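*Asks:* I have a structure here, written as structure tokens, and I will follow up with some questions on it.
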Amino acid sequence: MRSLMDPLDLSVEEIDELISTSNDIIENSAKYSEMCRGKKLATLFFEPSTRTRLSFEAAMYELGGNVLGFSAANSSSAAKGESVADTAKTVSCYADIIAMRHPLEGAPYVASLNSDVPIINAGDGGHNHPTQTLADLLTISREKGRLNNLTVGFCGDLKYGRTVHSLIIALARYAGIKIVLISPDELKLPNYVKIGVLDRQNIPYSECDDLEKAIPELDILYMTRIQGERFADKDEYERLKDFYILTPDKLTYAKDNLSIMHPLPRVNEISVAIDNDKRACYFKQVKNGKYIRMALILKLLGMCKSDAPKPQKSEEILIKDKLVCKNPRCITSCEQELEQVFKVTDLDAGICRCIYCEKKSEKLYSEINL
Ligand code: CP
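Just so we're aligned: 77 in the working numbering is position 77 of the sequence shown, and the numbers increase by one with no gaps anywhere.
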């Protein structure tokens, strides 16, 4: 049984297969309409969503299956203090597969450790959003005909934007990718992606705060919303929320075949005047999200023949009860009965990372008294 927590849980070959299945679903939808007859998807959304939840539900219905779940924490027994682990154990008695969104980083991972059925991370705090990444990759593949040799600009809230983190991690595995990071100083990409992914894999990247200067070289412009709900300081949010607004005049020097993407929801950062520009792809992303989630459900339920190899994960050493995660947005900060576990991989230069939220500890492996 496999779950999906982050994009690296799938090999490049498996992502190619999912894209290929999605394209087949788009061409031959009738072929898939009964494939999940008798199967149930549970959508457990502890945080608001329009696209992710409804596209998962539409995906399961279009595969002939059924759907159950909740769309807010306060309509579940989480409001009475039930843990994520107990929720997952319970729902896995009713459903064949579970999609979970949670504001705390690592919550879907905790669910996956306690569930008898596959868990799909549908967004955990500012950490990861792998199915949005799959929708983005399908969109890029359909728009550009390739996933390599692209200059991709990410603009806006690169600090809290989990879709940005997941897509950069996924794109870093393709050849010829160049990343342009466009953000105010306060919202720069976290080091676990910048150093841990871009530097480590020698992916060329640059950082700036000027969208108009950066735009001419881009093949893809990935706009993001400033994530007000993740700011501790609301005045800072007010100061930064309209830092970038993409308007038609800013596209004057952009390539003719630029693809403008956005995971949505949008607030102000893309003017509606751009919606009819042939370069706007964000509502195509929405549609592609349903098709790739159909393909993913089929894969995790073992209903698609697959020849693709699974990803090769690096060796991990687990460290139990020696370190405490200091990330206030980690699931361990709220569910204190969870065991504190950190991991060290052979790729990570002795850095210990929380297994739930992946934030690094202050101590290196060599500094722990084992
Ligand atoms: N892109 C995305 O995750 O949208 P929702 O928050 O509406 O699910």
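Glycine included, every Cβ here is placed at the ideal spot set by N, Cα and C.
Values in this document were obtained by computation on a predicted structure and should not be read as measured data.
Out of Glu335, Leu318, Ser333, point me to the one whose CA is closest to tyrosine 365's CA.
*Replies:* Nearest C-alpha to tyrosine 365: Leu318.
*Asks:* Which residue from Asn66, Ser166, Ser333 puts its Cα closest to that of leucine 4?
*Replies:* Cα-wise, what sits closest to leucine 4 is Ser166.
*Asks:* According to DSSP, is isoleucine 226 helix, strand or coil?
*Replies:* Looking at isoleucine 226 - three-state DSSP - the assignment turns out to be coil, as it is neither helix nor strand.
*Asks:* With distances taken Cα to Cα, identify the nearest neighbour of aspartate 185 among Gly176, Ser77, Glu207, Ser33.
*Replies:* It is Glu207 whose Cα lies nearest to the Cα of aspartate 185.
*Asks:* Run the proximity test for glycine 372: is its beta-carbon closer than 8 Å to any non-hydrogen atom belonging to the ligand CP?
*Replies:* The requested residue 372 does not occur in the structure, where the chain is confined to residues 1 to 370.
*Asks:* Over what stretch of residues does the beta strand (DSSP E) that includes isoleucine 203 continue unbroken?
*Replies:* Unbroken run through isoleucine 203: none, as it is neither H nor E.
*Asks:* Once you ignore the five residues that flank proline 7 on each side, which residues in its own chain have a CB closer than 7 Å to its CB?
*Replies:* Excluding positions up to five away in sequence, the list reads Pro130, Thr133, Ser166, Ile169, Ala170.
*Asks:* Could you tell me how far apart the beta carbons of threonine 151 and lysine 194 are, in whole angstroms, since I believe they sit closer than 8 Å?
*Replies:* Threonine 151 to lysine 194, Cβ: 17 Å. No contact.
*Asks:* With a threshold of 6 Å on Cβ separation, who are the neighbours of asparagine 148 within its own chain once the five nearest residues in sequence on each side are excluded?
*Replies:* Same-chain partners within the cutoff: Tyr174, Ala175, Gly176.
*Asks:* What did DSSP end up calling alanine 78 once you bin it into helix, strand or coil?
*Replies:* Three-state DSSP puts alanine 78 in a helix.
*Asks:* Using a Cβ-based criterion (distance less than 8 Å to any ligand heavy atom), does arginine 230 qualify as near the ligand CP?
*Replies:* Checking the Cβ of arginine 230 against the ligand CP gives no.
*Asks:* On the criterion of 16 or more Cβ atoms from any shown chain inside 10 Å, does aspartate 86 qualify as buried, or is it exposed?
*Replies:* So aspartate 86 counts as exposed.
*Asks:* Just how far apart, CA to CA, sit serine 29 and methionine 294?
*Replies:* Taking the straight line joining both Cα atoms gives about 10 Å.
*Asks:* Give me the residue from Ser361, Pro216, Tyr356 with the minimum Cα distance to glutamate 105.
*Replies:* It is Tyr356 whose Cα lies nearest to the Cα of glutamate 105.
*Asks:* Pick from Asp219, Ala107, Ile119, Met223: whose alpha carbon is nearest that of glycine 161?
*Replies:* Minimum Cα distance to glycine 161 is reached at Met223.
*Asks:* Just to confirm before moving on: does the CB-CB distance between leucine 44 and methionine 60 stay below 9 Å?
*Replies:* No, Cβ-Cβ distance for leucine 44 and methionine 60 is not below 9 Å.
*Asks:* In its own chain, which residues sit with a C-beta less than 8 Å from the C-beta of cysteine 304, not counting the 5 before and 5 after it?
*Replies:* Result list for cysteine 304: Glu17, Thr21, Ala295, Leu298, in chain order.
*Asks:* Please classify glutamate 57: does DSSP put it in a helix, a strand, or coil?
*Replies:* It is helical.
*Asks:* Please confirm whether any heavy atom of the ligand CP lies closer than 8 Å to the CB of threonine 332.
*Replies:* No, the Cβ of threonine 332 stays beyond 8 Å of every heavy atom of the ligand CP.
*Asks:* Could you spell out the range, first to last residue, of the alpha helix (DSSP H) harbouring asparagine 121?
*Replies:* Per DSSP, asparagine 121 belongs to no alpha helix (DSSP H); it is in the beta strand (DSSP E), 119-124.
*Asks:* Mapping DSSP to helix, strand and coil, what is threonine 252?
*Replies:* Looking at threonine 252 - three-state DSSP - the assignment turns out to be coil, as it is neither helix nor strand.
*Asks:* May I ask you to verify whether the stretch 24-39 touches the stretch 50-58, counting CB pairs closer than 8 Å and requiring at least 3?
*Replies:* No contact exists between the stretch 24-39 and the stretch 50-58.
*Asks:* Taking the runs of the beta strand (DSSP E) that are 3 residues or longer, which of them lie wholly in the stretch 134-204?
*Replies:* With a minimum length of 3 residues, the continuous beta strand (DSSP E) runs that stay inside the stretch 134-204 are 150-155, 177-182.
*Asks:* According to DSSP, is glutamate 17 helix, strand or coil?
*Replies:* The answer is helix: DSSP assigns glutamate 17 an H, G or I state.
*Asks:* Taking just the CA atoms, how far does glutamate 238 sit from glycine 228?
*Replies:* Computed Cα separation, rounded: 8 Å.
*Asks:* Any residues whose CB sits closer than 7 Å to a heavy atom of the ligand CP? List them in chain order?
*Replies:* Cβ atoms closer than 7 Å to the ligand CP belong to Pro48, Ser49, Thr50, Arg51, Thr52, Arg53, Gly123, His129, Gln132, Thr163, Pro263, Leu264, Pro265.
*Asks:* Please classify glycine 69: does DSSP put it in a helix, a strand, or coil?
*Replies:* It is a strand residue.
*Asks:* Could you compute how far the alpha carbon of serine 247 sits from the alpha carbon of leucine 211?
*Replies:* This sequence places threonine at residue 247; serine is not what is there. Cα to Cα, threonine 247 sits roughly 11 Å from leucine 211.
*Asks:* Roughly how many angstroms lie between the CA atoms of lysine 313 and alanine 172, to the nearest whole one?
*Replies:* Cα to Cα, lysine 313 sits roughly 16 Å from alanine 172.
*Asks:* Which residues in the same chain have their Cβ closer than 7 Å to the Cβ of glutamate 143, if we skip the five residues on either side of it in sequence?
*Replies:* Correct list, in chain order: Ser259, Cys281.
*Asks:* Contact criterion: CB-CB distance below 9 Å. Does tyrosine 365 meet it with respect to chain D?
*Replies:* No chain D is present in this structure, which holds just one protein chain.
*Asks:* With DSSP as the reference, label glutamate 362 as helix, strand or coil.
*Replies:* Of the three classes helix, strand and coil, the one that applies to glutamate 362 here is strand, per DSSP.
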